[in-house]
Amino acid sequence: DSGVTQTPKHLITATGQRVTLRCSPRSGDLSVYWYQQSLDQGLQFLIQYYNGEERAKGNILERFSAQQFPDLHSELNLSSLELGDSALYFCASSGGRTGTFGYTFGSGTRLTVV
Amino acid sequence: GQNIDQPTEMTATEGAIVQINCTYQTSGFNGLFWYQQHAGEAPTFLSYNVLDGLEEKGRFSSFLSRSKGYSYLLLKELQMKDSASYLCAVRGEGNKLVFGAGTILRVKS
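Going line by line, the protein sequences match chains D and P. For the first sequence, our numbering assigns the number 1 to the initial residue and increments by one for each residue that follows. For the second sequence, our numbering assigns the number 115 to the initial residue and increments by one for each residue that follows.
What follows is the structure in structure tokens.
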């Protein structure tokens, strides 16, 4: 257990629908990052939050949005889903008092759009 | 922008040594990371370099040359369980990690 919790683990939904992915960062970590990993691609950075505020944006589609709440958990909202949105979505956290420099990843949410 | 290159696939024999190279061009540099990722699982942290030189950690070592924009991950005494994707990632501006596409390592007996 990495300490980063993502729910749900699996999600199957139809095109045009909307889903919400949830992430609880490791205790003490203030930063949350969202990444998308498609079958034949590497980890694509979507968005970063730090202590509730958006810090950086990557290749995130307008149909996607995210937020970080006061308790530091984060949600990634995906709407008007398309087949191409099928992917593994990872959340990672960093910046805690343990002093680690890298990211700690959650186990991911596998989204399948049918 | 940022560009990170690593070989797509490599094959090595159990018990051997393999070196996975990574070259990068980034705006800002605050460290280079190597992660291991088994299929369908989360990436797990392997190593971190911010200064030039070699960092050794058991069977795994990582090297960095900032002037050349180059790093490698060295895996010794390969085991079947080392079959995985190895991701090179550079931390640039804003503490953001940018990942390479990953190198799939296949270990054969």
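No residue lacks a Cβ here, since even glycine has one placed at the ideal position from N, Cα and C. Treat the numbers as computed from the prediction; the structure is a model and nothing was measured.
- In this structure the segment 17-27 of chain D touches the segment 71-78 of chain D; the number of beta carbon pairs closer than 8 angstroms is three or more.
- Within the same chain, Thr127, Glu128, Met194 come within 8 angstroms of Ser223 of chain P by CB-CB distance, once the 5 residues on both sides are set aside.
- Taking a beta-carbon distance threshold of 9 angstroms, Thr137 of chain P does not count as an interface residue toward chain D.
- Within the same chain, Cβ atoms closer than 6 angstroms to the Cβ of Leu43 of chain D are found at Tyr35, Gln37, the five residues on either side in sequence being excluded.
- In the three-state reduction of the DSSP assignment, Asp85 of chain D falls in the helix class, which pools H, G and I.
- Contact note: Gln68 of chain D does not reach chain P at a C-beta cutoff of 7 angstroms; the least C-beta distance is about 15 angstroms.
- For Ala126 of chain P, the pairing in a beta bridge is given by DSSP as P:Val221.
- Residue-level contact by beta carbon holds for Val212 of chain P and chain D, with a gap shorter than 9 angstroms.
- Going by beta carbons, Gln151 of chain P and Ser197 of chain P fall outside the 9 angstroms limit.
- Gly16 of chain D and Thr7 of chain D have their C-alpha atoms some 21 angstroms from each other.
- Judged by DSSP in its simplified three-state form, Glu191 of chain P adopts coil rather than helix or strand.
- Separation of Leu46 of chain D and Glu170 of chain P (C-alpha to C-alpha, rounded to the nearest whole angstrom) is 32 angstroms.
- Between Leu88 of chain D and Gly108 of chain D, the CB-CB gap stays under 9 angstroms.
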